[in-house]
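Under this note's numbering, the first residue of the sequence shown is numbered 124, with each subsequent residue one higher.
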Amino acid sequence: MTRRRLVAANWKMNGSLAANAAWVARWRSLALPACEVALCAPFVYLENLGKALEGCGISLGAENVSEYEAGAYTGEVSAAMLSDIGCRWVIVGHSERRILFGETDAVVAAKTRAALAAGLSPIICVGETLEQRESSQTLRVVETQLAAVISVIGAAALARCALAYEPVWAIGTGRSATPEIAQHVHSALREAVARFDPAVARELRILYGGSVKPGNAAALFAQPDIDGGLIGGAALQAEDFHAVCAA
Ligand code: PGA
């Protein structure tokens, strides 16, 4: 197994020029972690952050991308533009975008395809709501979300993606999934990919997200199918994010 751990920050709609500069300064004072590290931040700060983070061992990512290539799409940001300013990653299908901005499985799949076409690596998010978990639909929900993407990009293209399991009930709630619950879903997702392409499934990094903190990261990351994390709240402080990376 050659999966290198990946820990990605998701700043969401947080930050300012001053706060971001302070974050980078604190990060620079800490030792480089052994895992691969990505920082996904609001569009407007990406170019500046890319320059500030040079030599920091962090690759840059966006939190969203247009499904369209170019043209009359007021307010949209294309995958080629993100690539142009130095992004390597982009989060697609985050539950906040699915729930608050109405992104369907088809839109998430189209965004994944657009990201790949521009040479970006998508971090594809899947996850169930509390209601879906309580009615025993978790695996059906996450496998349907994943299948919608695979039907558009093909399983082989997952080799250029990371997958993130983020139970909606665990995001920003302080109530993380237990390592056992997360491992159960991660292994089911890996098996689902293996039904299409066993080699891709073995190499695919599946991140856990949802209230990961310095105190619970090590137990989550010790699970055999958890290959890192997507970190929201705890990524807003450089020291906390660094501690999660160290775990
Ligand atoms: P959280 O968010 O770590 O604040 O729960 C994770 C995410 O939404 O990606």
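We treat Cβ as the ideally placed atom computed from N, Cα and C, and that holds for glycine.
| field | beta-carbon Ile247 near ligand 1 non-hydrogen atom, thresh 7 Å | value | Mapped onto the sequence shown, residue 247 falls at position 124. No - ligand 1 has no heavy atom lying nearer than 7 Å to the Cβ of Ile247.
| field | Beta-carbon contacts of Ser299 that lie in its chain and below 6 Å, excluding the five residues immediately before and after | value | Here the question's residue 299 lines up with position 176 in the sequence shown. Ala293, Gly333, Ser334, Asn339, listed in sequence order.
| query | How would you call Gln360, buried or exposed, if buried means at least 16 neighbouring beta carbons within 10 angstroms? | reply | Counted from its first residue, the sequence shown places residue 360 at position 237. Burial call: exposed.
| query | For Gly295, which of Lys336, Ile276, Ala324 has the nearest alpha-carbon? | reply | Looking up residue 295 in the sequence shown gives position 172. Nearest of Lys336, Ile276, Ala324 to Gly295, Cα basis: Lys336.
| Tyr191 by DSSP, collapsed to three states: which one? | Locating residue 191 in the sequence shown gives position 68, counting from the first residue. DSSP places Tyr191 in coil when its eight states are reduced to three.
| request: Can you tell me which of Ser259, Cys284, Glu254, Phe344 puts its alpha carbon nearest to the alpha carbon of Ala240? | output: Translated into the one-based positions of the sequence shown, residue 240 becomes position 117. The shortest Cα separation from Ala240 among Ser259, Cys284, Glu254, Phe344 belongs to Cys284.
| query | So does Glu251 have its beta carbon nearer than 7 Å to some heavy atom of ligand 1? | reply | The residue labelled residue 251 in the question sits at position 128 within the sequence shown. No, the Cβ of Glu251 stays beyond 7 Å of every heavy atom of ligand 1.
| task | Starting from Asn143, trace the alpha helix (DSSP H) both ways and give me its first and last residue. | result | Counted from its first residue, the sequence shown places residue 143 at position 20. That run of the alpha helix (DSSP H) goes 140-151.
| said: Please report the distance separating the alpha-carbon of Asp350 from that of Ser139. | reply: Numbered from its first residue, the sequence shown carries residue 350 at position 227. Numbered from its first residue, the sequence shown carries residue 139 at position 16. Straight-line Cα distance between these residues: approximately 30 Å.
| task | Output the distance between the C-alpha atoms of Asp348 and Ala324, rounded to the nearest integer angstrom. | result | Stepping through the sequence shown from its first residue, residue 348 is reached at position 225. Stepping through the sequence shown from its first residue, residue 324 is reached at position 201. In a straight line, the C-alpha of Asp348 is about 11 Å away from that of Ala324.
| Between Gly216 and Val231, which are expected to be in contact by the criterion C-beta below 8 Å, what is the C-beta distance as a whole number of angstroms? | Within the sequence shown, residue 216 is the residue found at index 93, counting from 1. Within the sequence shown, residue 231 is the residue found at index 108, counting from 1. With 8 Å as the limit, Gly216 and Val231 qualify as a contact, their Cβ atoms being about 4 Å apart.
| query | What do you reckon, are the CB atoms on Arg236 and Asn187 nearer than 8 Å? | reply | Reading the sequence shown from its first residue, position 113 is the one you call residue 236. Reading the sequence shown from its first residue, position 64 is the one you call residue 187. In this structure, Asn187 does not lie closer than 8 Å to Arg236 by Cβ.
| field | Among Ala342, Ala278, Met136, the one whose alpha carbon lies nearest that of Arg313 | value | Counting from 1 along the sequence shown, the entry for residue 313 is found at position 190. If we check each option's Cα against that of Arg313, Ala278 comes out closest.
| Just reading off the beta strand (DSSP E) that Ala175 is part of, what are its end residues? | For the purposes of this step, residue 175 is taken as the residue at position 52 of the sequence shown. Looking at the DSSP string, Ala175 is not in any beta strand (DSSP E); the run it does join, the alpha helix (DSSP H), is 166-175.
| message | Nearest by alpha-carbon distance to Ala193: which of Gly184, Leu205, Ser182 is it? | response | Numbered from 1 along the sequence shown, position 70 holds the residue referred to as residue 193. Considering only alpha carbons, the answer is Leu205.
| CA nearest to the CA of Cys163, picked from Ile181, Trp150, Ala148 | Your numbering for residue 163 matches position 40 in the sequence shown. The residue with the shortest Cα to Cα distance from Cys163 is Ile181.
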